[in-house]
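See below for the structure under consideration.
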Amino acid sequence: MEFSSKLLERAVNEMSQLPGIGKRTALRLVLHMLRQPKEQTIGLAEALQNMRHEVKFCKSCHNISDVALCEICSNPNRNEEVVCVVEDIRDVMAIENTSSFKGLYHVLGGKISPMDGIGPHDLNIESLVTKVSKGEVKELIFALSSTMEGDTTNFYIFKRIQDFGIITSTIARGISVGDELEYADEITLGRSIVNRIPFESSIKI
Ligand SMILES: [Zn+2]
82 MEFSSKLLER AVNEMSQLPG IGKRTALRLV LHMLRQPKEQ TIGLAEALQN
132 MRHEVKFCKS CHNISDVALC EICSNPNRNE EVVCVVEDIR DVMAIENTSS
182 FKGLYHVLGG KISPMDGIGP HDLNIESLVT KVSKGEVKEL IFALSSTMEG
232 DTTNFYIFKR IQDFGIITST IARGISVGDE LEYADEITLG RSIVNRIPFE
282 SSIKI
C-alpha cells in the first residue's frame, strides 16, 4: 500500500495491529477519522491513553478497575465466601448481567494452555490458592469455558485447593461444551450458576 503521507501511513499501521483489522479496514477507519470533527478523534486518543495509564487491576480479584479494590470486592452486600473463578473480565461482565450471582470473582487472566506456552504461573492462581488457604472462601465455583484448556485449568486449581475442605462446584452445562461464557444468553448463564453442580461429579478422578 503506497501512502501520500507518512502521518497517514503510521496511523494506518498502528490501527492494523488491532485484531481483526487488516490494512484496508485500517485505512477506512483512519480516513473516517480525518473526516469527522477533530475533537472526536482526539477524544478517542485521550480515552485510550488514559485507559492505558490509569487502569488498574483489583488487588483482590484481578478484575479491571479504576481503584485498588474493585466495586464488586468492596461492596458490603456481596457474599465474600463464595468466589466464582473466571477466565477474564468479559466473563465477569457476562455473569454480572445475569444478576444471579452475589458472590465475588477471581479473574485468572487466561487458561492453562501448554500449546500456547501458558502455564499455571502465568495466571492469577497463586493468589487464589492463598485466599482459600486463609479460610476466606467457603465455596469456589468454576466458570471457565468448557474446553480442554478450561477443564485442565479447573482440575489444576481443584488439586491445589482440594485439601482445604471447601465446597467446589462448576456451573451447570446448559452451556454446551466449547461455548464461551460471553456468548451464552443471560437466562441460560444465570440458570447455570444457580443450578451449579459439585465439581467432583463433573469429572472422573
Ligand atoms: Zn475485585
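If you want my numbering, it's the position in the sequence shown, counting the first as 1, plus 81.
Even for Gly, the Cβ is constructed at its ideal location relative to N, Cα and C.
query	result
Cα-Cα separation, Lys212 to Tyr186	12 Å
Contained alpha helix (DSSP H) runs [length at least 4] in the region 169-210, N- to C-terminal order	170-179
Buried or exposed (CB count within 10 angstroms, at least 16 for buried), Ser146	buried
Separation of Arg109 from Pro100, as counted between CA atoms	15 Å
Within 5 Å of ligand 1: residues by beta-carbon to any heavy atom	Cys139, Ser141, Cys142, Asn144, Cys151 and Cys154
Glu220 - partner residues in DSSP beta bridges	Val163 and Ile248
Nonlocal neighbours in the same chain, by C-beta distance under 8 Å from Ser250, ignoring five residues either side	Glu220, Leu221, Ile222, Phe223, Arg277, Ile278, Pro279 and Phe280
The alpha helix (DSSP H) enclosing Leu270, as first and last residue numbers	Glu267 to Val275
Contacts around Leu209, its chain only, beta-carbon distance under 6 Å, and the 5 residues preceding and following it disregarded	His187
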